[in-house]
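Residue numbers (numbering that gives the first Met the number 0), protein chains in the order written: chain A, 0 to 449; chain B, 0 to 449.
Beta carbons are placed, not taken as given, at the ideal position from N, Cα and C, and that holds for glycine.
Number of protein chains: 2
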Amino acid sequence: MYSSIVSKYYITLLLKYTKVDHFGFDVNLTFKQRYLVANQYWKKENGVILFYTGNEGDITWFCKNTGFMWDVAEELKAMLVFAEHRYYGESLPFGNLSFTDSKHLNYLTSEQALADFAILIESLKKNIPGARNSPVIAIGGSYGGMLAAWFRMKYPHIVIGALAASAPIWQFMDLVPCGKSGPNCSETIQSSWKAIDRLTSTGEGVQWISEAFHLCNPLRSQTDIIVLKSWLAETWVNLAMVDYPYSSDFLMPLPAWPIKEVCKYLTDPNESDKVLIQNLSQAVNIYYNYSGEANCLNTSQTATSNLGIQGWSYQACTEMVMPICTTGISDMFEPQEWDFAAYSDQCFLEWGVRPRPLWIPTVFGGKNISSHSNIIFSNGALDPWYAGGVNENITDNLVSIVIPDGAHHLDLRARNIDDPQSVLFARAKEVEYMKKWIEQFNGVSDSLRK
Amino acid sequence: MYSSIVSKYYITLLLKYTKVDHFGFDVNLTFKQRYLVANQYWKKENGVILFYTGNEGDITWFCKNTGFMWDVAEELKAMLVFAEHRYYGESLPFGNLSFTDSKHLNYLTSEQALADFAILIESLKKNIPGARNSPVIAIGGSYGGMLAAWFRMKYPHIVIGALAASAPIWQFMDLVPCGKSGPNCSETIQSSWKAIDRLTSTGEGVQWISEAFHLCNPLRSQTDIIVLKSWLAETWVNLAMVDYPYSSDFLMPLPAWPIKEVCKYLTDPNESDKVLIQNLSQAVNIYYNYSGEANCLNTSQTATSNLGIQGWSYQACTEMVMPICTTGISDMFEPQEWDFAAYSDQCFLEWGVRPRPLWIPTVFGGKNISSHSNIIFSNGALDPWYAGGVNENITDNLVSIVIPDGAHHLDLRARNIDDPQSVLFARAKEVEYMKKWIEQFNGVSDSLRK
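Here it is, written out as structure tokens:
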């Protein structure tokens, strides 16, 4: 089940009954939260617990893709815990009914998830012999990294620190510009949108494009063409996210440095429309069909099914409103303003709820987080989410690590021979900070204590 | 409306529409939260805002009884804001239906109240010209003091510090012993319970006791006798809470140092039962009928109707589970163990909900709060809630002020000629800390900044 780097560990899959609603008392239901525990390197007397704050997907998949925790377990004598986020994977509060309506979805919030984590940790420390006084460090990537940071902010009595990898905690209204980025061979992509427009202006062209992209469902309407374009745009963003230095399988199975592979097909923005689209199709194929097993491409999917797209769509329509906009000039995408009213209407149509775009900054502090401590914000400069992250030290205890050659949370991935120096350096710094927190907690280093 | 010390100020009563449920998106209702603003001493360009985190009662009553804020307004050039807690006073989310069932009561939690405060402050800073960069300090007494402390812990980006007066944040399960205290003339009170038992063992005695206490509703059943006893017990606790050095009217209109007045009647624990009860009745009368206007005493009331007893009863049955127990030996009360199961059953009967006694320590940190900063915990040694408070400095920025001659949040009351030195000292320290926080915030004192 796990890649070779982790298969030497024994891991236990467990379930914990937890409240559906931590913030009210009328609904007295519970559900089974899934979590994974690996403790073969754990120092039994109050050794550290590294706790992965699960995000929007199957926790076993995050477990597989967070080799960093496995790599450092022995050195830190750590127990590893991976907690699944409610409404994802198998941790569904209402089973098959979980996504049916806004009533069943009402308990899908980051605050409820953080409370799940807090209660799970308290229960582990109470029930695992030797763990009562174990320090706990939160670790997460992407939305999981946001949760790790927020967990330390809101529950500093439960976690002594947090590693928030590629966590765009500032990608919210009025905090950072809403721009979007992608591969560096942008000129061809920039040219492609108008080429698609020109080709799809005729019925013959529409059919030609469907075939050129090997679409499973040929384009039939204007809506299909809009969907094709946003599928392409998301593909470019995803490719930039997983631009790892070695062959990997996170969102999709891909070669090493996939952007470089993709850009090989996108060298000349001045080709004829058909040639340009044929090249684009080749490029897209790197992402969707590197294994060569796909007979056709499906525009309704842009990544692994381990991600919970329903849950995330709801979260994006409630709390996790992360404005995105494009200009077509400073970026490679078609110009699109951030239109909150339209976004809100779309959310209401889809989920029966309206987003509250300012709630996350209100509850988690926005840019004003300097009174917190012991959080590492690591970000890869190749990552499209980079701009929404914390990329400067805020205080001595609230630090930023930038990884120039890193894509989306490369530092959380398992050691690899092709890792660039910058990620090795980042991981070493991360371990150093964690050791400092543990020392502070254990009172070993008196000079570090208050 | 206000006592002389505050009547010179102009105060505005305002309403703010706020969400009934901040932690979910299915219920999209709002309600009107009441708050009071006084700004005549406020320095318009980013002067400080002192924000009273309203607790379980009518906000205008807390406003009247928090003269300290009025007394320091000029010195600190502060705006004063008093925010009413949801489900109290006139801030009822569902009007008359607010207390009808567990469904309507579902949004009565401390977390929702803190979110109300956060959103109110953000809205004030946005809408009041000159307030955009105002530092805000939370101030509260009793449960309001707990909220002030928790507000700083959870929303340090919104308040730069908190004065938590007589805030028993540790009066929760497993944190402090559950004992209860009261007046110092305890021997007579200790003797009184058995005297009541002996007298009420005959019908004639029951009638005699009803008359001795001038009860509005004569005792008719065993239950009535139990109610009488808990009414008495609560009276002693309340008396100790408001043992102020001057004539006051907080829970009831009372003379200066009411405990001393009460104890005058309780000097000899070895009197005959009837004499003892007659003395007890005189003592009780100091509390319930100091004004001399009451024709009879009502065992269903123990304090001003400004307190919201329904709301607090529900909160005590959900989050605010503060175990109380008595031994009859180390204290003056009848022995009573803390019986959580019975308590929970009673809550279920009354409100249809069951308490979660460990939730408050989980969410607000219990005794492990040292990573927070800028909170003053002040406690009066005469106060029965003293033992549940923070009475030692935790860090340089999380400090305790003990007021040996103080009852329940005496420091929050208006200046008075009869104030003991210890409360004058406490208030001076409090102002000193607040000035330090403001300086830190304004960056005036570079040496205090990170």
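Whole angstroms are fine: how far does the CA of G160 of chain A sit from the CA of Q420 of chain A? 25 Å
In its own chain, which residues sit with a C-beta less than 8 Å from the C-beta of W436 of chain A, not counting the 5 before and 5 after it? P134, I136, I159, G160 and N373
For a cutoff of 9 Å on Cβ pairs, would you count H84 of chain B as touching chain A? no
Sequence-distant residues of the same chain with beta carbon closer than 8 Å to P322 of chain B, five excluded per side: Q170, F171, M172, C177, W337, F339 and P356
So is F22 of chain B in contact with chain A if we call contact Cβ pairs under 9 Å? yes
Counting only beta-carbon atoms, is I48 of chain A nearer than 9 Å to chain B? no
Minimum C-alpha distance to L250 of chain A - residue among A:W256, A:L119 and A:T301: A:T301
Could you tell me which chain A residues have their CB closer than 8 Å to the CB of G365 of chain B, listed as they occur along the chain? H156
Sort A:I375, A:G204, A:F67 and A:N294 by Cα distance to G388 of chain A and report the nearest one. A:I375
Reduced DSSP secondary structure (H/G/I, E/B, other) of T234 of chain B: helix
For a contact meaning CB atoms closer than 9 Å, what does A117 of chain B contact in chain A? T361 and V362
Ignoring anything shorter than 4 residues, give me the alpha helix (DSSP H) runs that lie fully in the stretch 348 to 436 of chain A, in order along the chain. 358 to 363
Show which residues of chain A have a CB atom less than 9 Å away from the CB atom of T108 of chain B. F22, G23 and F24
I'd like to confirm the pairing. Which residues does DSSP put opposite K18 of chain A in its beta bridges? A:T29
So the candidates are B:I195, B:I157, B:G181 and B:G143; which of them puts its Cα closest to the Cα of N132 of chain B? B:I157
Does DSSP classify G94 of chain B as helix, strand or coil? helix
Are the stretch 317 to 336 of chain A and the stretch 79 to 86 of chain B touching by the rule of at least three beta carbon pairs closer than 8 Å? no
Determine the closest residue to S122 of chain B out of A:T361, A:Q314 and A:P403, with distance taken between C-alpha atoms. A:T361
By the criterion of Cβ-Cβ separation under 8 Å, what are the contact partners of V352 of chain B in chain A? F24, D25 and N27
Inspect the beta-carbon positions of G143 of chain B and A117 of chain B and report whether they are closer than 9 Å. no
Interface residues of chain B facing S185 of chain A [CB-CB closer than 8 Å]: The premise fails here: S185 of chain A is roughly 37 Å from chain B at the closest Cβ pair, so nothing lies under 8 Å.
In chain A, which residues lie less than 9 Å from E438 of chain B when you measure between Cβ atoms? Per Cβ cutoff of 9 Å: no residues; E438 of chain B is ~16 Å from chain A at best.
Can you check the stretch 121 to 193 of chain B for any beta strand (DSSP E) of at least 3 residues that lies completely inside it and give the ranges in chain order? 135 to 140 and 160 to 164
Cβ shell of K76 of chain B (< 8 Å), same chain only, five flanking positions each side left out: Y40, W41, K42, G46 and V47
Kindly say whether S450 of chain A, judged by its beta-carbon, lies nearer than 9 Å to any beta-carbon of chain B. Outside the shown range of chain A (0 to 449) lies residue 450 of chain A, about which nothing can therefore be said.
Check D248 of chain B in the structure and name its three-state DSSP category. strand
Who are the neighbours of K102 of chain B on chain A, taking C-beta pairs under 9 Å? D25
Closest by CA to S370 of chain A, which one among B:P155, B:T199 and B:K273? B:P155
Quick check: is the beta carbon of Q345 of chain A nearer than 9 Å to any beta carbon in chain B? no
Got a sec? Which residues, its chain only, sit under 7 Å from K428 of chain A by beta carbon, not counting five neighbours each side? I400
Write down the C-beta distance between A239 of chain B and A341 of chain B rounded to the nearest angstrom, noting that I regard them as a contact closer than 8 Å. 26 Å between Cβ atoms; not a contact.
Is A114 of chain A close to chain B? Criterion is C-beta to C-beta, closer than 9 Å. yes
Any idea if D242 of chain A is buried or exposed, counting beta-carbon neighbours within 10 angstroms, 16 or more meaning buried? buried
Note down the Cα distance separating Q314 of chain A from K179 of chain A, rounded to an integer number of angstroms. 20 Å
Under three-state DSSP, which class holds M68 of chain A? helix
Indicate the three-state DSSP secondary structure (helix, strand or coil) for G310 of chain B in the structure shown. helix
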